[in-house]
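The structure appears below as structure tokens.
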Amino acid sequence: MPQRNIQQQELVQQQVQRLSQQQLLQVRLVEMPLPEFEEKVSTELAENPALDPMTQEEEWEGKNDDSIDENTTFEEREELQEREDALESALAGIGRDDEMPPTFGGMGDNNNAEYEERVYGNVVSFYELLHEQMGEMDLTPQQQTIMEYLIGSLDSDGLLRKDLDIIGDELAVHYYIDVSRAEIEQVLHLLQTFDPPGIGAQSLKECLLLQVDRLIQHRKENTLRDDSLSTLHSLRKILAHHYEAFTRRHWDKIQTAMHLSDAELEQIRKNIHKLNPKPGASLGEAEARSLQQITPDFIVETADDGQVTCMLARGQVPELKVSSSFLDMVDTYKTNRQNMSRQDKEALLYVKEKVDRARGFIEAVKQRRRTLLSTMQAIVDWQLKFFQEGDESDLRPMILKDIATKTGLDISTVSRVSNHKYAQTRWGIFPLKFFFTESLTTENGEELSTRKVKLALAELVEKEDKHHPLSDDSLSASLKRHGYPVARRTVAKYREQLGIPVARLRKE
Numbered sequence: 002m003p004q005r006n007i008q009q010q011e012l013v014q015q016q017v018q019r020l021s022q023q024q025l026l027q028v029r030l031v032e033m034p035l036p037e038f039e040e041k042v043s044t045e046l047a048e049n050p051a052l053d054p055m056t057q058e059e060e061w062e063g064k065n066d067d068s069i070d071e072n073t074t075f076e077e078r079e080e081l082q083e084r085e086d087a088l089e090s091a092l093a094g095i096g097r098d099d100e101m102p103p104t105f106g107g108m109g110d111n112n113n114a115e116y117e118e119r120v121y122g123n124v125v126s127f128y129e130l131l132h133e134q135m136g137e138m139d140l141t142p143q144q145q146t147i148m149e150y151l152i153g154s155l156d157s158d159g160l161l162r163k164d165l166d167i168i169g170d171e172l173a174v175h176y177y178i179d180v181s182r183a184e185i186e187q188v189l190h191l192l193q194t195f196d197p198p199g200i201g202a203q204s205l206k207e208c209l210l211l212q213v214d215r216l217i218q219h220r221k222e223n224t225l226r227d228d229s230l231s232t233l234h235s236l237r238k239i240l241a242h243h244y245e246a247f248t249r250r251h252w253d254k255i256q257t258a259m260h261l262s263d264a265e266l267e268q269i270r271k272n273i274h275k276l277n278p279k280p281g282a283s284l285g286e287a288e289a290r291s292l293q294q295i296t297p298d299f300i301v302e303t304a305d306d307g308q309v310t311c312m313l314a315r316g317q318v319p320e321l322k323v324s325s326s327f328l329d330m331v332d333t334y335k336t337n338r339q340n341m342s343r344q345d346k347e348a349l350l351y352v353k354e355k356v357d358r359a360r361g362f363i364e365a366v367k368q369r370r371r372t373l374l375s376t377m378q379a380i381v382d383w384q385l386k387f388f389q390e391g392d393e394s395d396l397r398p399m400i401l402k403d404i405a406t407k408t409g410l411d412i413s414t415v416s417r418v419s420n421h422k423y424a425q426t427r428w429g430i431f432p433l434k435f436f437f438t439e440s441l442t443t444e445n446g447e448e449l450s451t452r453k454v455k456l457a458l459a460e461l462v463e464k465e466d467k468h469h470p471l472s473d474d475s476l477s478a479s480l481k482r483h484g485y486p487v488a489r490r491t492v493a494k495y496r497e498q499l500g501i502p503v504a505r506l507r508k509e
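Counting in this note's numbering, the sequence shown runs from 2 upward without gaps.
Laid out in structure tokens, this is it:
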């Protein structure tokens with residue numbers, strides 16, 4: 002019996018999460034640190050004539066009636082007149098130019114705090130250098146968004162440890178773009194061509210290979226085909242095919258497997274010292290040099306009686322209101338709706354759009370304030386003893402989920418609040434991430450902060466015999482005797498995070 006092609010239609014019901022423009026705006030404002038938020042508010046005031054800053058009198062009296070009384074200063078009247086003139090000019094051109102200014106949000110907006118770690122002062126941060134290099138590339142708007150997100154996802158050492166599938170999901174949820182893993186990989190390969198070499202690698206092995214490949218390419222481009230090129234090729238082969246032996250420093254096994262002479266092996270080992278396992282380390286140096294130039298987002302005050310209060314740093318951000326002239330214009334058009342001409346209707350649409358945009362921005366600013374304050378208050382409540390005493394060992398185990406549960410916010414929202422923001426306390430200025438610490442469980446079932454373990458580790462190293470420094474195994478055994486059950490590999494991890502070199506490099 003002959004087969005037939007049959008077309009069938011099926012009705013499938015799906016739930017798809019879509020963020021509105023207002024929600025996108027709120028997300029972006031929440032993740033902005035104070036200086037970037039100041040810049041955003043200033044830009045919005047300049048672009049939207051329906052948005053006005055409150056006067057000091059209005060802020061003190063807590064009113065927002067948009068009226069200008071007889072006590073208005075000459076400068077305020079001049080500013081009001083300028084805004085009214087700008088409004089009339091914009092309305093007059095509506096019939097000739099139908100293209101409205103862009104609304105807030107969208108993929109092309111680069112003012113995203115998750116993408117850029119700012120270090121204020123004369124020091125150019127690591128992330129700023131990457132953004133400068135990105136500006137020199139010919140990227141599509143979607144590629145630019147992906148690139149910025151990848152840069153913002155880099156760890157402080159310059160490596161990308163977040164899975165690309167997770168990055169794709171986050172881009173879909175938060176920025177409303179649907180990209181495949183292959184598209185993200187394509188942009189990641191472009192990022193890996195940036196300076197310093199090794200940036201954007203997804204593992205230490207890939208980081209080192211990228212640097213060796215860059216050295217080989219450089220020598221080929223400069224037609225330097227000498228013994229050093231052969232050495233680099235041998236080093237690449239070691240990293241690619243004998244990486245485990247390389248990490249364990251089994252040079253004898255490598256030498257035998259690759260049939261290397263002692264001189265060749267020595268040259269290879271010299272080249273290894275030229276590689277940088279942490280190409281993003283310059284960021285930490287910039288942060289350390291510029292610590293006093295960071296603008297705090299929160300002010301946490303500790304009274305002598307131990308009472309702790311927190312507030313949001315305001316900076317140069319004024320209280321906002323909807324322009325009275327625009328509100329009057331809307332009321333005038335509404336009362337004369339029946340007698341409106343086509344141009345009047347177009348003017349009404351323009352005015353209404355600006356007023357709605359101003360109201361939406363004001364609400365997003367208020368939502369940012371509520372979200373940031375509730376998150377910081379939850380952190381203060383959780384780490385109260387630290388804020389009272391200033392002792393780092395008093396920090397309790399705390400993860401994003403703990404604060405999300407306490408505030409009722411989503412974990413991703415708490416993450417955005419804690420990224421790239423700082424709190425000024427009685428004990429100094431700290432990034433919010435400083436207060437988050439994981440935990441480990443002792444044999445007695447007691448939960449300990451990993452911060453305590455790191456402090457104990459640092460103290461052991463500080464007191465060790467510098468002529469016979471402790472190995473990671475010895476440090477692990479010593480920590481266990483002090484009540485910290487930490488394995489050797491965990492000790493090595495914490496030691497690297499603290500910037501403590503291996504035992505042979507600590508020997509004097």
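Just so you know, even glycine gets a beta-carbon here, dropped at the ideal spot from N, CA and C.
query                                                                                                                             : result
Buried or exposed (CB count within 10 angstroms, at least 16 for buried), residue 167                                             : exposed
Element boundaries [alpha helix (DSSP H), containing residue 577]                                                                 : Residue numbering for the chain in the displayed model covers 2 to 509; residue 577 lies beyond these limits and cannot be assessed.
Rounded C-alpha distance that separates residue 462 from residue 501                                                              : 8 Å
Of the residues 484, 254, 472, the one placed nearest residue 507, counting alpha carbons only                                    : 472
Touching by the beta-carbon criterion (3+ pairs, under 8 Å), the segment 384-401 and the segment 264-277                          : no
Check whether residue 35 and residue 429 have beta carbons under 8 Å apart                                                        : no
Chain-order list of residues whose beta-carbon lies under 8 Å from that of residue 415 (same chain, five-residue window excluded) : 376, 401, 404, 405, 408
Local conformation of residue 103 per DSSP, three classes                                                                         : At residue 103 the pLDDT is 32, less than 50, meaning the model places this residue with poor confidence; the figure from the coordinates comes in the next sentence. Looking at residue 103 - three-state DSSP - the assignment turns out to be coil, as it is neither helix nor strand.
Neighbourhood of residue 355 by C-beta, 7 Å cutoff - its chain only, sequence neighbours within 5 removed                         : 49, 50, 51, 327
C-beta contact flag for residue 230 and residue 217 at 8 Å                                                                        : yes
Three or more C-beta pairs below 8 Å linking the segment 253-271 and the segment 292-311                                          : no
Cutoff 8 Å; reference residue 469; Cβ partners in own chain excluding five residues on either side                                : 508
Supposed close pair residue 235, residue 267 - CB separation, criterion 8 Å                                                       : Not really, about 12 Å apart at Cβ, beyond 8 Å.
CB contact flag (residue 451, residue 399, <8 Å)                                                                                  : no
Exposure label - residue 142; buried when at least 16 CB within 10 Å                                                              : exposed
Whole-angstrom distance between residue 324 and residue 146, CA atom to CA atom                                                   : 33 Å
Residue 309 to residue 58 span [Cα, whole Å]                                                                                      : 30 Å
Beta carbon of residue 363 nearer than 8 Å to that of residue 321                                                                 : yes
8 Å Cβ cutoff, residue 393 in contact with chain B                                                                                : The structure shown contains no chain B; it is built from a single protein chain.
Between the CA atoms of residue 192 and residue 486 - distance to the nearest angstrom                                            : 40 Å
Test item: CB-CB of residue 151 and residue 161 under 8 Å                                                                         : yes
For residue 299, the residue or residues it bridges with in DSSP                                                                  : 313, 424
Residue burial classification, residue 307 (beta-carbon count within 10 angstroms, cutoff 16)                                     : exposed
Euclidean distance between Cα positions of residue 53 and residue 366                                                             : 14 Å
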